[in-house]
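Presented below is the structure to which this report refers.
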């Protein structure tokens, strides 16, 4: 995808539950906006993420990534900082800084993911598959080599392993 300097030609609207539904790793993502639909401005996804899931530590080279947590609890790592994000939290992760997160507890997280400028949402769209049903995808081992290839196509890089849930949450669930 290339970033366009044009603005979107017309307004768009998606209602609740509308948008392309993608299964990406242990996430169900609904595509709300893309680089193409926003004139390059941003990509926006609504995500439902499985308890205990963590993406590999990664870097976005072309865009910043922001999250607004709607439900659930995450531990997030960005560079040397680690912090907790619960419902109502906003997190900004600048490009070129390694980051990841883990879903804490036994409930999924629901959050919005904003990529600015747009384009990076292609990792999820091209790296996922159309959702086959409502809810989360079945648990399967990730194809790390395929994830590395699709990430590289969009200027992202896998640089380390996923995070484990924190000890305090792991002990609470025991």
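In my numbering, the protein residues as written are 12 to 185. Cβ atoms here follow ideal geometry from the backbone N, Cα and C, with glycine treated the same way.
- Where residue 117 falls: helix, strand or coil (DSSP): What you label residue 117 is simply residue 106 of the chain shown in a count that begins at 1. Three-state result, residue 117: coil.
- Query: Quick one: is residue 141 buried, meaning 16 or more other Cβ sit within 10 Å of its Cβ, or exposed?
  - Reply: Within the chain shown, the letter at position 130 stands for residue 141. Counting every other CB atom within 10 Å of its CB across the protein chains shown gives residue 141 a total below 16, marking it as exposed.
- Message: Which residues does DSSP list as the beta-bridge partners of residue 82?
- Response: Taking the chain shown and counting its residues from 1, the one referred to as residue 82 is at position 71. DSSP, once it has assigned bridges, lists 121 as partnering residue 82.
- Message: On the CB-based measure, 16 or more other CB atoms within 10 Å of its CB, does residue 170 come out buried or exposed?
- Response: One-based indexing of the chain shown puts residue 170 at position 159. Answer is exposed; the Cβ neighbour count stays below 16.
- In terms of residue numbering, what span does the alpha helix (DSSP H) encompassing residue 158 cover? By 1-based counting over the chain shown, the position of residue 158 is 147. Residue 158 -> alpha helix (DSSP H) spans 155-164.
- Task: Please check if any C-beta of chain D sits within less than 9 Å of the C-beta of residue 139.
- Result: As a matter of chain content, chain D is missing from the structure shown, which is built from one protein chain.
- Message: Taking its Cβ as the centre, do 16 or more other Cβ atoms sit within 10 Å of residue 148, making it buried, or is it exposed?
- Response: Sequence index remark: in the chain shown, residue 148 carries index 137 (1-based). So residue 148 ends up on the buried side.
- Query: Who does residue 174 pair with in a DSSP beta bridge?
  - Reply: By one-based count along the chain shown, residue 174 stands at place 163. In the DSSP output, where bridge partners are listed per residue, residue 174 has none listed.
- Task: List the endpoints of the continuous alpha helix (DSSP H) containing residue 134.
- Result: If you number the chain shown from 1, residue 134 lands on position 123. Where residue 134 is concerned, the enclosing alpha helix (DSSP H) stretches over 133-138.
- Message: Under 8 Å, with one C-beta from each stretch per pair, do the segment 40-51 and the segment 90-106 reach the 3-pair mark?
- Response: no
- Using beta-carbon positions only, say whether residue 58 and residue 124 come within less than 9 Å of one another. Indexing the chain shown from 1 puts residue 58 at position 47. Indexing the chain shown from 1 puts residue 124 at position 113. Yes, the Cβ-Cβ distance between residue 58 and residue 124 is below 9 Å.
- Message: To the nearest angstrom, how far is the alpha carbon of residue 168 from that of residue 133?
- Response: For the purposes of this step, residue 168 is taken as residue 157 along the chain shown, with counting starting at 1. For the purposes of this step, residue 133 is taken as residue 122 along the chain shown, with counting starting at 1. So the two alpha carbons sit approximately 14 Å from each other.
- residue 105 versus residue 152 - alpha carbon distance: To locate residue 105, count along the chain shown from 1; it is residue 94. To locate residue 152, count along the chain shown from 1; it is residue 141. The straight-line gap from Cα to Cα measures roughly 28 Å.
- Query: Counting along the chain, where does the beta strand (DSSP E) carrying residue 38 start and finish?
  - Reply: Numbered from its first residue, the chain shown carries residue 38 at position 27. DSSP places residue 38 inside the beta strand (DSSP E), whose first and last residues are 38-44.
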